[in-house]
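This report concerns only the one structure given below.
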Amino acid sequence: MMIHISRDGEQFGPYSPEQVQEYLAGGQLLPTDLAWYEGAADWVPVTAVVGGAAAMPVSGVACTNCGTAMDADQVICLAC
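Shown next, in the form of structure tokens:
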């Protein structure tokens, strides 16, 4: 599977799932970036395609709505 990325209306890729996980871990991709692959019905948050563990800080959590990494004591997601 090859994954295409969309951020702010620009499209990038395709990338392998391993590359996407690496870019999430390195901060080049954000949990709020959208991803699409052949056969997908629509663009979805990249963490829905490859998982968000690589992008999440060790002491943090992810927003259940959009997947954005948040501090553990953060009450609301600022990205939503």
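Each residue of the sequence shown is one higher than the one before, counting from 0 in numbering that gives the first Met the number 0. Beta carbons: idealized from backbone N, C-alpha and C, even for Gly. Since this is a predicted model, take the numbers as computed values, not measurements.
- Assignment of A71 by DSSP, reduced to helix, strand and coil, places it in the coil class.
- The Cβ atoms of V49 and Q20 lie closer than 8 Å to each other.
- At least 8 Å separates the beta-carbon of L28 from that of V43.
- Judged by DSSP secondary structure, L23 falls within the alpha helix (DSSP H) whose first and last residues are P16 to G25.
- If the five residues before and after D32 are omitted, its C-beta is found closer than 8 Å to the C-beta atoms of I4, S5, R6, P44 and V45, all from its own chain and listed in chain order.
- Across the structure, C65 and C76 are spaced so that their CA atoms are roughly 9 Å apart.
- Contact between A78 and C62 holds: CB atoms are separated by about 7 Å, below the 8 Å threshold.
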